[in-house]
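Last residue of the sequence shown? That's 842 in the numbering used here, and every number before it is there in order. Just so you know, even glycine gets a beta-carbon here, dropped at the ideal spot from N, CA and C. The model shown is predicted, which means the values in this text are computed figures rather than measured ones. Beneath this line is the structure, given in structure tokens, with notes to follow.
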Amino acid sequence: MKKLFYFFLYFFVFNAFSDGYSQVPNYKTPDVAVIYPKIRIWATPSGGQEAAFNSPSLQWTSEKKTKYSVRLSTSADFTRDLIEKTELNYGIYNPHKTLSQGNWYWQYKVKDGEWSPTYNFRITENTPLFETINSKEIIANIPQSRPRVLINKKDIDLLRVKSKNYAEVTQIIAEADEYLHTTIPTEVDLNPKFEGKNDFENKKIALLASKKVGNKVYMVLHTLCQAYILTGDEKYFKTAKAWVAEAVTWDPMGASHNSDFGDAGTMTGFALALDTFSDKFSKVEKEVIVKNVSVRANGFYKKWVNSVEHRSSSMHVWQHIMHRMLYASIALVGETPDAEKWLSYIYDIWIAQNPKMGEEDGAWFNGYAYFRMNTLTLYEASRIFKDLSGKEFMTNQWFKNNPKWLIYAFPPNSVPDGFCNDGDKHQKPTIGYAGYADAAARIFNDPYAAWYANEIAKSNEISIADDEEFRWYRVTQTNDLPPPAPISKFDLPQAAVFTDIGVGYMHTNLQNAESNLMLSLRSSPFGSLAHTHADQNSFNIAFGGKRLFYNSGYRPAMGDPHFLGWYKHTQGHNAILIDGQGQPFNAGAYGLIPRFIHGEQISYAMGDASNAYSGKDLGENIDLGMKAYMRHYLMLRSGIIVIYDDLEADHPADWNWLLHNDTGLQINEKTKTIYANNEAGAAAVTLHSSSAINFNVTSEFSIPVDNWTKKEDEEGEPMEFTDQWHFKGSTKAKTNKMRYLAIFQINEKNEFKEIKINTKGSYFIGDWEVVAELDVNKAAKLTAYNKKSKASFVSSGALNKNDGPNAKILEYSNGKMLYKESVDVIPKSIQKAALMPDNK
3 MKKLFYFFLY FFVFNAFSDG YSQVPNYKTP DVAVIYPKIR IWATPSGGQE AAFNSPSLQW
63 TSEKKTKYSV RLSTSADFTR DLIEKTELNY GIYNPHKTLS QGNWYWQYKV KDGEWSPTYN
123 FRITENTPLF ETINSKEIIA NIPQSRPRVL INKKDIDLLR VKSKNYAEVT QIIAEADEYL
183 HTTIPTEVDL NPKFEGKNDF ENKKIALLAS KKVGNKVYMV LHTLCQAYIL TGDEKYFKTA
243 KAWVAEAVTW DPMGASHNSD FGDAGTMTGF ALALDTFSDK FSKVEKEVIV KNVSVRANGF
303 YKKWVNSVEH RSSSMHVWQH IMHRMLYASI ALVGETPDAE KWLSYIYDIW IAQNPKMGEE
363 DGAWFNGYAY FRMNTLTLYE ASRIFKDLSG KEFMTNQWFK NNPKWLIYAF PPNSVPDGFC
423 NDGDKHQKPT IGYAGYADAA ARIFNDPYAA WYANEIAKSN EISIADDEEF RWYRVTQTND
483 LPPPAPISKF DLPQAAVFTD IGVGYMHTNL QNAESNLMLS LRSSPFGSLA HTHADQNSFN
543 IAFGGKRLFY NSGYRPAMGD PHFLGWYKHT QGHNAILIDG QGQPFNAGAY GLIPRFIHGE
603 QISYAMGDAS NAYSGKDLGE NIDLGMKAYM RHYLMLRSGI IVIYDDLEAD HPADWNWLLH
663 NDTGLQINEK TKTIYANNEA GAAAVTLHSS SAINFNVTSE FSIPVDNWTK KEDEEGEPME
723 FTDQWHFKGS TKAKTNKMRY LAIFQINEKN EFKEIKINTK GSYFIGDWEV VAELDVNKAA
783 KLTAYNKKSK ASFVSSGALN KNDGPNAKIL EYSNGKMLYK ESVDVIPKSI QKAALMPDNK
């Protein structure tokens, strides 16, 4: 019977892909509607899949203002090994016990309604163990004495001794001393100082004003609390009391409530002050603080319950607010019964969904910039729950793999990969990335994380101790952990893919930005949700650590017309438009990177965005008619990148091949060449196609942009939204099938080899011969050969007596032949989604 079950499991998953469309031998595009729906539509774990860990988290679609029951058993009729729970407040149940190996069945129901269909999952000998204690035990383990949030009272004396010579301590005290003389804002300061052109702009401007003041309250009170813990000096309490006395008079549902970040900052500043100075506030003062914190915290709780747990992102919650709510909950346990329910919810959702925007490969689906908004929350919340339970909360492989992703996505001294919101924000990693990487290095004994942290500190000419966000974490947690031994030789591969999130990277000199050519590519199972863009099968190219061909546009604010119509839209990226339209903003508009292979001279990846031009989530049924879209990426070291697109629509379509540069593009339509440069070098891009195309360049956005929110750059100066340059390779006539071949030559000398083409369709660039099948009536194929080194590549077919559909690389190093062959990888998330009902 067990063998029969596994056969059916394989059959269903295989069929989900074998029904898909194929342009590439032996590969089938997944025929799955959505992988990560914006709002949960399935119960998990289910479909016979293996649970993510043991004890599992059961999760289901939830609705507001109700309660649930759940039952779990090793028998489908719920007569054996029964586990039951009633009066659940939200759509998560953590059994908090290790389950026996085998098949498990479960159901849930709403209030007194009918039981749901029966779901099933497996526990195997390989299911990772993760048995937690329940929230009542967590609450019972919270110390009675105060302080207990930033530090436990019993540890203060030791902390003062061990941290005496820490540079961070000197900085904390210096900042706290400055705050002794800082003007305390009033409620009037929460109001905006200027107006926009319409109600939308005015609402955004008011939100930003509220956020700024709320964050200030948090920053000041947080620092004053730290300084008091370190010194015991009464002056910090007196100043903190004055700030609290003013801010508690603000209407918690008024202007200080306009921004969720600002609201949370004010709430948590009060909670930290209450906890740190508990013996110094009067009973009446404490009651006022508790009441104000409770109003704000209950507002978050009511908004979150039966909402946040069934959303695929809830970005602000997971960035800072959940962390701050956790502080507030611990501070107010014993002061109000509500604190226990706040804490229980955070604890349950943390067990079930952390790391929220990652899987196992270490990448973060919202991109490098917004990842930094989550770093302290990820480590601090995990640390708090470990302290209260004795259980390790960073067992997911994502935690160990994450620094590796950062190194590839945002190398020291280099611009980042550029994907997602704020992908254009930094010119090189800031000290905040070093602070995070240093913590990772010490906790996981990771020498590459340590190398990354130290290289960033050197490039910024400051110390890791200058990082503010992880400063208190270092003082209390990691400064006394020994750093790993430094790496003696940098031997990470020069290319890598992270298939869970759908990003890949090819470098020529990853460890040295000044001479590095960096190709970043994206095709993600997460679709275009949250801070991501409609950019499946898009790429960015940096050279010498500077932007060369990057996505374009600006983000004055979320929801801004230019943001939606250009910056987030496909047309702002190095991507493809069909009939002038880009990918929809829909969770079902997803992609993947199923093929990757890497050698010393050659790296190759294939992105599949066949499903990215349709969307079937939240009741939408968008279909732009894209039947298949494979983009092949080939890096020929050094200095050559080949991008080969194989496109098919279900109708005669117009096609646009897009390329962007910050400062200028020139075209020579006769030679089919586009020229560009950056601060480090120059590029010549030769673009060929299966059908005739027009070469068009403009330096204007089709949707104007204005810095109406008065955004500032890293130096605090108003940002200037300057023109950028945009190229379109547009078909002259509609066609069902289309292929593009782009050959990039990039170097610091602004010298480019003439590309010679023979009658057989071979392109000769120096020692390299590239062949791409541009006849749409023949199977797509890409090959490369170096006449000097004898390195060879085929996207499919025979190489060195090895036939078959997989991509292959053959190279020679030190007289030895090196042969590699790709293996198609379908992310686990897609395999699981294929098991879900009605998901085609």
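Residue i at chain C interface by Cβ criterion, 7 Å
i    : result
D610 : This model lacks chain C altogether; it includes just one protein chain.
Residue burial classification, residue i (beta-carbon count within 10 angstroms, cutoff 16)
i    : result
T241 : buried
A685 : buried
Q146 : exposed
G621 : exposed
D493 : exposed
S77  : exposed
D277 : buried
K849 : Look at the range of the chain in this structure, 3 to 842, and you will see that residue 849 is not part of it.
A835 : buried
K618 : buried
P527 : buried
H183 : exposed
G392 : exposed
F13  : Confidence is the limiting factor: at F13 the pLDDT is only 39, short of 50, which leaves the residue's position unreliable and the question unanswerable from this model.
F2   : Lying before the first or after the last residue shown, residue 2 is absent from the chain, which here runs from 3 to 842.
V319 : buried
M3   : A caution first: M3 carries a pLDDT of 35, below 50, which makes its placement in the model unreliable, though a value can still be read off. Label assigned to M3: exposed.
L6   : Residue placement at L6 is flagged as unreliable, the pLDDT there being 34, under the threshold of 50; a coordinate-derived value is accordingly withheld.
G806 : exposed
Continuous alpha helix (DSSP H) stretch holding residue i: start and end
i    : result
N403 : Q399 to A411
L182 : Neither: L182 is in no alpha helix (DSSP H) and is coded neither H nor E.
H535 : Premise fails: H535 is in no alpha helix (DSSP H) and is neither H nor E.
P449 : P449 to N462
T675 : Where T675 is concerned, there is no enclosing alpha helix (DSSP H), although the beta strand (DSSP E) it sits in stretches over T675 to N679.
When the options are compared against residue i, the one with the closest alpha-carbon
i    : options                   : result
L519 : K491, N698, L531 and K548 : K548
A515 : K491, D610 and E457       : E457
L345 : R313, S316 and V307       : V307
P586 : I543, P596 and Q538       : Q538
P405 : L521, W366 and T270       : W366
I642 : E756, N663, D725 and T572 : E756
D253 : N576, D647, F283 and T188 : T188
E127 : S57, G301, D652 and A211  : S57
T185 : V222, N167 and A176       : V222
S137 : L274, L90 and E342        : E342
I464 : A436, Q479 and H509       : A436
Y303 : V772, I348, A273 and G267 : I348
F263 : W407, M375 and T432       : M375
F387 : W352, R42, S540 and E362  : W352
W657 : H600, F598, A577 and I604 : A577
I705 : P563, T397 and Y438       : P563
A793 : P488, A459 and S605       : S605
L444 : Y381, I503 and F500       : The question names Leu, but residue 444 is Arg in the sequence shown. Taking only the C-alpha atoms, the option nearest R444 is Y381.
V151 : K113, A273 and F55        : A273
For residue j and residue i, the rounded distance between their alpha carbons
i    : j    : result
A630 : F703 : 29 Å
L579 : G731 : 10 Å
Y370 : I409 : 11 Å
A354 : A53  : 11 Å
Y821 : I595 : 21 Å
L667 : N679 : 8 Å
E86  : E116 : 15 Å
V827 : Y635 : 16 Å
D652 : Y646 : 20 Å
L626 : I332 : 50 Å
D426 : G420 : 6 Å
Beta strand (DSSP E) segment containing residue i, residue limits
i    : result
Y631 : M628 to L638
Does the segment 281-300 come into contact with the segment 152-163, if we say contact requires no fewer than three beta-carbon pairs (one atom in each stretch) closer than 8 Å? no
Tell me whether the segment 101-120 and the segment 137-153 touch, counting them as touching only if at least three CB pairs, one residue from each stretch, are closer than 8 Å. no
Could you check whether the segment 490-508 touches the segment 189-200, counting it as contact only if at least three pairs of C-beta atoms, one from each stretch, sit closer than 8 Å? no
Measuring CB atoms only, is the segment 545-559 touching the segment 60-71, in the sense that at least three cross pairs come out at less than 8 Å? no
Are there three or more Cβ pairs, one per stretch, closer than 8 Å when the segment 460-475 is compared with the segment 322-341? no
Mind the definition here: the segment 165-176 touches the segment 229-240 only if three or more C-beta pairs lie below 8 Å; say whether that holds. yes
At a cut of 8 Å, does the segment 738-746 reach the segment 761-781 through at least three beta carbon pairs? yes
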